[in-house]
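In the UniProt record's numbering, the protein residues as written are 1 to 279.
Worksheet for the structure shown next.
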């Protein structure tokens, strides 16, 4: 039995099938952990959702920012105008509602104590160890899976507040959690998120640093795999105990798997090419 984390697919179903062929993946024997952003940009978001859903207990998927955006936009009366063309086939799909319901019930954070790995789409704020992150993720999941989820999704998006406080309440509290776990790349040295700059570390404005390089990060002792950041430049950051596996499949680059059940994580990749890019 093997366990692999898979990077951001973004509707690139054909590269995913090639990657799984290379892994000799067998449902029921092997396990897949998807770091989120199953949809958008690529040409086959519906096929990707259907396939990952069909894997049942052989797969765990955490939510990414594009997944949450899809859930929010699909409930709007002008959804056809709002949605990226690569997402519009989801509206017309005969299994639209089961697919969206399945997606809405995915977790925001995953921790596997047996393997010694945690998974999140974007990152964790410095005050959170993995146990606290799991608790906070469940707060968001309760709102997303509750009867008032449409109102929650309508008030979810925005850049403020930009820092964590245990005193936060209501949707401000949940928005910080969601932004950290699905959108964050850089922080200021005081832990405030910067959600505007999205490019490379080398070109980052003064005073910003990757979330995983912040000093006194409470999760630093835990191995974390994440996606979201295709401009990161490398997969393995072992000094920080993190592996970033969004390697730009949506931009025609590579789709990455990271084997988690071996003493040293193993990186396996396939080229995506132009077939993965629509946007």
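Ideal Cβ positions, reconstructed from N, Cα and C, are used throughout, including at glycine.
Since we're looking at a predicted model, the values are computed, not measured.
Per the DSSP secondary-structure output, residue 269 pairs in a beta bridge with 256.
In the structure shown, residue 13 adopts helical secondary structure according to DSSP, grouped into three states.
Exclusion of the five residues before and after residue 116 leaves 222, 223 as the residues of its chain whose Cβ lies within less than 8 Å of its Cβ. For residue 77, no pairing in a beta bridge is given by DSSP. The C-beta of residue 254 has 16 or more other C-beta atoms within 10 Å across all chains shown, which makes the residue buried. In this structure, DSSP gives residue 245 a state outside helix and strand, which the three-state scheme calls coil. In the displayed model, residue 226 falls within a strand according to three-state DSSP.
DSSP places residue 194 in the strand class (E or B) of the three-state scheme. Annotation: the continuous beta strand (DSSP E) that includes residue 186 extends over 186 to 188. Selection 1, 7, 2 evaluated against residue 269 yields 7 as nearest (Cα-Cα). DSSP places residue 120 in the uninterrupted beta strand (DSSP E) bounded by 117 to 120. Where residue 109 is concerned, the enclosing beta strand (DSSP E) starts and stops at 109 to 112. The region 123 to 205 contains, as complete beta strand (DSSP E) runs of 3+ residues, the segments 186 to 188 (chain order).
Taking all protein chains shown into account, residue 44 has 16 or more neighbouring C-beta atoms within 10 Å of its C-beta and is therefore buried. Shown here, residue 210 sits in a strand according to DSSP, grouped into three states.
Taking C-beta atoms under 8 Å as the contact rule, residue 10 and residue 37 qualify, at a distance of about 6 Å. Counting only runs that start and end inside the region 36 to 79, the alpha helix (DSSP H) elements of at least 4 residues fall at 45 to 54, 65 to 74. Residue 142 counts as exposed, since fewer than 16 other C-beta atoms from the protein chains shown sit within 10 angstroms of its C-beta. Residue 68 has its alpha-carbon roughly 25 Å from the corresponding atom of residue 19. Contact check between the region 104 to 113 and the region 75 to 85: fewer than three CB pairs, one atom from each, fall below 8 Å, which does not count as touching. Residue 123 and residue 250 do not touch by the CB rule: their CB atoms are close to 19 Å apart, not below 8 Å.
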